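Chains as they are written, first to last, in the working numbering: chain A, 1267 to 1695; chain B, 323 to 594; chain C, 118 to 411.
C-beta: ideal position from N, C-alpha, C; glycine also.
Remember, it's a predicted structure, so these values are computed and weren't measured experimentally.
Structure first, commentary second.
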Amino acid sequence: MLKKRVWQILLATLLLSSLILTACGTAAPAEEEAMPAGDAAVEVFSWWTGGGEAAGLDAMIGIFNAEYAGTEFINAAVAGGAGTNARAVLATRLQSGDPPDSWQGHAGQELIGTYVAGGQIEPLNDLYEAEGWLAVMPETLIPLISDGGNIYSVPVNIHRANVLWYNPAVLEANGVAVPATVADWFTAMDTLQAAGVTPLALGEQWTQLHLLETVLLGSLGSDAYDGLWNGSTDWASAEVTAALADFEKVLTYTNADAASLSWQDAAQLVINGDAAFNVMGDWAEGYFRELGKEPTTDYGWAPVPGSVGVFQFLSDSFTLAVGAPHPEGAEAWLKVAGSKAGQEAFNPVKGSICARTDCDASLFGVYLQSAMDDWASNIVSGSLTHGVVANDSWKSEIDTALGLFVADPDVASFQAALVAACAASGPCQ
Amino acid sequence: MKRLYLGKNWLYIPLILLVIFYLLPMYVMLVTGFKSFAEIDLQTMWNLPKGIAFDNYIEAWKVLSPSLKNSFLMVIPATLISSMLGSLNGFILAKWKFRGSDFIFPFILFGMFIPYQSIIIPLVQFMSAAGIKGLVGLAMAHIIYGIPITTLTFRNYYASLPQELLEAAKIDGADMLKIYRLILLPISIPSFVVVLIWQFTSAWNDFLFAVILTGNTEWPITVALNNMAGSQIISWNVQMAGSLLAALPTLLVYIFLGRYFLRGLLAGSLKG
Amino acid sequence: MLKNKDRYLSIILISPSILAVLIFIYGFIGWSIRVSLSNWKGLNPDYTWAGLKNYIGLFSDPRFHVDIRNTLIFTSVFVLGSIILGFLMAVMLDQGLRGEGFFRSLFLFPMAISYIVTGVVWRWLMSSATGSRMSGLNLLFTNLKLDFLVNLWYNTPKWGMAAIALAAIWQMSGYTMALYLAGLRSVPAELKEAAQIDGANEIQLYRHIILPLLAPVTLSALIILGHMSLKVFDLIIAIAGKQLPLDVPSIYMWQTTFDGLFYARGAAIGILLLISVAILIIPYIRYTLKTEDL
């Protein structure tokens, strides 16, 4: 009897191990394809998996494959709004010592506060010199993506955050001009609200953070706004209180169901004529065009009131990992990302403008051309929501404070929470 | 007996109401899956599409089909093995109380509650240190983290079976494995159905472990689906078409397994 | 009495599971506890001792208070709703009606659909827009002259979480139905016949015989649904996005760990979740085990 039972157990173990071995067997060849030996590959991590983003990435990959035909490009993109999934996967890989060669990140404190602080990305000054990028990237951009004199990423594109989208027909029907100052904006929105039109379309919490940063910029002006992030503006000061009060007032002009709208839904309100204004980055323009709408006729744009002449930017950029398995492949990729050809292939498709100032304007549509002009002439400030001015910890504390404020508006406690956030994770003492 | 069958047909009324409740969201999914991008608007969500074009489904299929094989390779062994383990464990814990078995059940059960976000970092580190990669690692993770719930389901199912069943067999001289094979397995079928449904669904639909434990050549269908959504401008029409396609294998599993929801087979063995 | 060889066999067969659970669950919980007692903030691990600082911080954290409120609302609505609905559906389908297979597969199907799409569809359905922009279920109710049903759904202040629980019930009650169906099918026919011979009507049959027999199934369902409601994460984000009024501990944990890099705080949230589960579940299991042995 014992023998029979032992047999059964052995049989079960055999079955189990054969299952596992077959799975191993089918997995192994795939593994080898993924990670070829030697330097003839590069693994690039991003969150560009769908729509215009993926098309733009594919165009850049096309240029890469043409120039570096011997090097295999491994596209490890994982979707998730603003890269939340990609960043989690990246974190687990970095902590087990298995970095990809290069990854996408928002240029600025998001990269510096996380990866430079963690010693995970290499400085790229030599590459910048060799490729002559310092001559073609705007001067005001370089300090914002550097730390201690070292430049840490190669920006591929530039998006603008402080854009006020509007419906020209709605404005005309109500006799409202496009406002340039915050006071004008309130007057305009009062008129619209009296006429029964939703003045400002707003969406879920992250779009509210986006709105906050543009209102802070519009109320404080670019110097004081920049000061918030480098420690020279006191978060507890009266001017910040006034700016937060402006923000509170702006919120009163928004749609009551904001929390249940995605950024696309909110932008669509403007296109449909259900709202007059929407503050959103200029990826909204790509969305409008995908809906088949025409610039200036179906939608118009202006800088968010109070920030005329200031370009509040964000940039997607690529890094070089410390301990990259294929450093030569990674450098090759970075060269393409920073090259005129690469950026000209990527940006028109993606719906953003080049980080380089020498891209061919004729490749871009009406809005993007005006953005390119502004980029070359305006003062440059950074976005909060999209990782330029504040590191991830600081930003997440501000976001929590904002959530609590919108649920229960109290400027004083909001300001106190912001002061605490700066002390905990920013340069304030 | 006549009382049982009186007016049984009135049950169709609440059933139809339930069908409406369940079908409403599916109607929206189906209808949106046939719309073009420009038609997607919160205002017109209930409207039928302007035309029935299968473009979205074709596009979704192109994106999703390479990962289909990965999903099957991983899900089938994971589901079968974790269900078998659960059945064995449940049998032992419910009917063969040895010293300490009353502690082992809560010990295993508690493991169900661990939030996956807490453990992905040590899990990845363990897998990399042990050299276990890709779909094998993913299947292993599903098996291991499936043990608590499969054990729970089977243990409770077996606990509700009368002890006389086993006593009769023991008197006949059967030992544990024989009882398991000849008596318990045949009547476990409804419970197996429930467990297989759960394990298949949770392994098939899992995103977190899939994206963290596998590389881009071995991603199962959930990651491909998530990637299809994109990060910024999401094309809901293609996304819904893709999700319905991705849910089809699971639906087929439900339909196939549902046939095994048989009436209890206990009647025969008790009389003997 | 358990024969020796059967006892050894039991132990051998169950030990792989015990080993796996020991390493992959309790070992990792141990790691998590260590992190929660540390100062780890930022990408690189930092295990310097911080005592109970993270836990104390959470108790006075307004966001965590919102989380607890939302978890209580969600868990009670979701678990009760799924169990009641699942049980009723199982009873209805156990009557031998025609089309049982169709109904059963239909009620199970929502569980198979990816959370991304389920989430966005419910977001559209539960739109709280008013006036000319009214949409979703509110629009349907208005058109069917059921105006009293129109509400703010998950935008309802404080109680909005209950609406999300509705979407979760839609997704999961089919599974509870399957659990109960399996349980009902294992009730011996003789027991039911004997009761009917004794003159019991349907309600008495269910109350006195079937429901008590299904108690272990109810325990399973409670635990499975309970564990799901503590872990629910993807569905909430897919429906409502990441927003504070609908925050739950698992979302807070994810955001604070991977978006904010506060690893120690995230681990503390996870451990608090586990402790709260332990306080609820363990006494219940011990009570159940004791009553089973009677």
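With a cut-off of 8 Å on Cβ pairs, the region 386-400 of chain C is in contact with the region 432-442 of chain B, counting three or more such pairs. Sixteen is the threshold: when 16 or more other Cβ atoms of the shown chains lie within 10 Å of the Cβ of A/Leu1510, as they do, the residue is buried.
Residue pairing from DSSP places A/His1372 in a beta bridge opposite A/Asp1582. Contact check for A/Ser1649 and A/Ala1427: beta-carbon distance about 4 Å, within the 8 Å limit, so the pair qualifies. Proximity of chain B to C/Leu391 at the Cβ level (cut-off 9 Å) is accounted for by Phe432, Phe435, Ile436, Pro437 and Ser440, in chain order. With its beta carbon at least 8 Å from every one in chain C, A/Glu1505 lies outside the interface. Around the C-beta of C/Arg324, fewer than 16 other C-beta atoms lie within 10 Å, and the residue is accordingly described as exposed.
Contact between the region 1550-1557 of chain A and the region 1399-1418 of chain A is absent, with fewer than three C-beta pairs closer than 8 Å. Assigned with DSSP and collapsed to three states, A/Val1420 falls in strand. Between B/Val560 and B/Ala375, the CB-CB gap reaches or exceeds 8 Å.
Counting along the chain, no alpha helix (DSSP H) covers C/Ala317, and no H or E run does either.
Within the region 1332-1361 of chain A, those residues whose Cβ lies closer than 8 Å to any Cβ of chain B are, in chain order, Ile1340, Asn1341, Ala1342, Ala1343, Val1344, Ala1345, Gly1346, Gly1347, Ala1348, Gly1349, Asn1351, Ala1354, Val1355, Ala1357, Thr1358, Arg1359 and Gln1361. Taken in chain order, the complete beta strand (DSSP E) segments of 3 or more residues contained in the region 1469-1552 of chain A are 1541-1545. Under the 8 Å criterion on CB atoms, A/Glu1560 is classed as non-interfacial with respect to chain C. Taking C-beta separations shorter than 7 Å and ignoring five residues to either side along the sequence, the partners of A/Pro1693 in its chain run Asn1496 and Gly1497, following chain order.
Sixteen is the threshold: since fewer than 16 other Cβ atoms of the shown chains lie within 10 Å of the Cβ of A/Thr1447, the residue is exposed. Taking a beta-carbon distance threshold of 8 Å, B/Gln521 does not count as an interface residue toward chain A. Under the 8 Å criterion on CB atoms, A/Ala1678 is classed as non-interfacial with respect to chain C.
Here DSSP, grouped into helix, strand and coil, assigns B/Ala496 to coil.
A direct Cα-to-Cα measurement between C/Arg250 and A/Gly1669 gives close to 25 Å. Your pair A/Ala1673 and A/Leu1684 does not check out as a contact, with CB atoms roughly 16 Å apart and the cut at 8 Å. Contacts with chain A at 8 Å (Cβ-Cβ) do not include B/Ala375. Among the residues of the region 1367-1392 of chain A, those with a Cβ less than 9 Å away from any Cβ of chain C are Gly1379, Thr1380, Tyr1381, Ala1383, Gly1384, Gly1385 and Gln1386, in the order of the chain. Here the region 1647-1662 of chain A lies against the region 1367-1377 of chain A, with 3 or more beta-carbon pairs under 8 Å apart.
Looking only at A/Thr1358, A/Ser1605, A/Tyr1633 and A/Thr1585, the smallest Cα-Cα distance to A/His1372 is reached by A/Thr1585. Around C/Asp123, the beta-carbon contacts reaching into chain B at under 8 Å are Trp418, Asp497 and Met498. The Cβ of C/Gly377 sits no closer than 8 Å to any Cβ of chain B. The contact set of A/Asp1523 on chain C, defined by CB atoms closer than 7 Å, consists of Ser244, Ser245, Ala246 and Asn272 in chain order. Residues of chain A with a Cβ closer than 8 Å to the Cβ of C/Pro366 do not exist, since the nearest Cβ in that chain sits about 14 Å away. Taking 8 Å as the cut-off, the beta carbon of B/Ile469 is found no closer than this to the beta carbon of C/Ile341.
Every alpha helix (DSSP H) of 4 residues or more that sits fully in the region 157-203 of chain C is shown, in chain order, as 170-176.
In this structure, A/Thr1473 sits near A/Met1546, with a CB-CB distance shorter than 8 Å. Contact annotation: B/Gly433 and C/Ile142 have beta-carbon atoms nearer than 8 Å. Within 7 Å of the CB of B/Lys391, no CB atom of chain C is found; the nearest one sits about 18 Å away. Only those residues of the region 554-580 of chain B whose C-beta falls short of 7 Å from the nearest C-beta of chain C are listed: Trp558, Gln561, Met562, Ser565, Ala568, Ala569, Thr572, Leu573, Tyr576, Ile577 and Gly580. The DSSP-derived three-state label of B/Arg421 is coil.
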